[in-house]
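Following my numbering, the numbering of the sequence shown begins with 6 at its first residue and continues without gaps.
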Amino acid sequence: MGRPKNFSREEVLEKAMPVFWKHGFADTSLQDLERATGVNKSGLYTEFRDKEDLFVACLRHYLESQDERGLLTKEPLGWKNIETFLKNGPLNNGEQQGCFAINSMREFAILPDEAYGAITGNRALLHHLLSMNIEAEKPRMASSAIAEMVLSFFSGLCIERNLKSGKASSTRKVENFMTALRSL
């Protein structure tokens, strides 16, 4: 009988995620993950098949913990929900900047297929929720096209957060973007 594990899966995910977030998938080594989680190679490989499996588990854990559904389903639907989403979506919290999923998109060429699926599935959900809010405002332009613009703006805002730009700068950009959106 093997030794009982001395860690929880969620705790490992919480400790490994910032390492992947900061260094990316390719530049995160097994030694980095061992150091961050306090779990040795054998313990990590008992819980996760390999580095790819751990990355995908971290990504799914991150996506499931986000509050986008809550922000974008609040009644009444409309521009206010989108503005709140844009202002609160990208993190600016110590080492974690922007959005783990958006940052990970830069490595699509080398990410496991499951990571690609998780990210694109989440973006499809966001697109749907954004479209519902936009449709409620009865814009002149197609809601789907505006939702694509919002997602592109959100992605850029998240990437820009890696520059550690201040919250005031991001807030001003969101307010200007929302002024433009409301005119569509």
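Backbone N, C-alpha and C define an ideal beta-carbon position, used for all residues, glycine too. All values reported here derive from a predicted model rather than from experimental measurement.
Review point. What is the residue span of the beta strand (DSSP E) that Q102 lies within?
Key: Q101 to G103
Review point. If you run the structure through DSSP and keep just helix, strand and coil, what is K143?
Key: coil
Exercise for review: Please list, in chain order, all residues of the same chain as S160 whose beta carbon is under 6 Å from its beta carbon, the five residues on each side excluded.
Suggested key: I107
Review point. With a CB to CB cut of under 6 Å and the five nearest residues on each side skipped, what residues in its chain are close to M6?
Key: Per-residue confidence for M6 stands at a pLDDT of 46, beneath the threshold of 50, marking its modelled position as unreliable; no derived number is given.
Point to revise | Span of the alpha helix (DSSP H) around P23 | key: R14 to H28
Check your understanding: Could you give the distance in angstroms between the alpha-carbon of V44 and the alpha-carbon of Y121?
Key -> 27 Å
Check your understanding: Can you check whether the CB of F25 is closer than 8 Å to the CB of F60?
Key -> yes
Review point. What three-state label does DSSP hand S175 in the structure shown?
Key: helix
Point to revise | Among C63, E57, S13 and L134, nearest to W84 - alpha-carbon criterion | key: L134
Review point. Apart from the five residues on each side of it in sequence, which residues of its chain come closer than 7 Å, Cβ to Cβ, to Q101?
Key: P23 and W26
Exercise for review: With L276 as the anchor, note down where its alpha helix (DSSP H) starts and where it stops.
Suggested key: Given that the chain is displayed from residue 6 to residue 189, the structure contains no residue 276 and the question cannot be resolved.
**Study point:** Buried or exposed by the 16-neighbour rule on C-beta atoms within 10 Å, applied to G126
**Key:** exposed
Exercise for review: Throw me the rounded Cβ distance for the M110 and I87 pair, which I believe falls under 8 Å.
Suggested key: Going by Cβ atoms, the distance from M110 to I87 rounds to 21 Å, so no, they are not a contact pair.
Practice item. Taking all protein chains shown into account, decide if L138 is buried (16 or more other Cβ within 10 angstroms of its Cβ) or exposed. Key: Checking the sequence, you will find Asn at residue 138 rather than Leu. Looking at its Cβ environment, which holds 16 or more other Cβ atoms inside 10 Å, N138 is buried.
Check your understanding: In whole angstroms, what separates the C-alpha of V17 from that of N181?
Key -> 40 Å
Review point. Helix, strand or coil: which one does DSSP assign to T33?
Key: coil
Check your understanding: To the nearest whole angstrom, what separates the beta carbons of L131 and E73, a pair I think is in contact under 8 Å?
Key -> 6 Å
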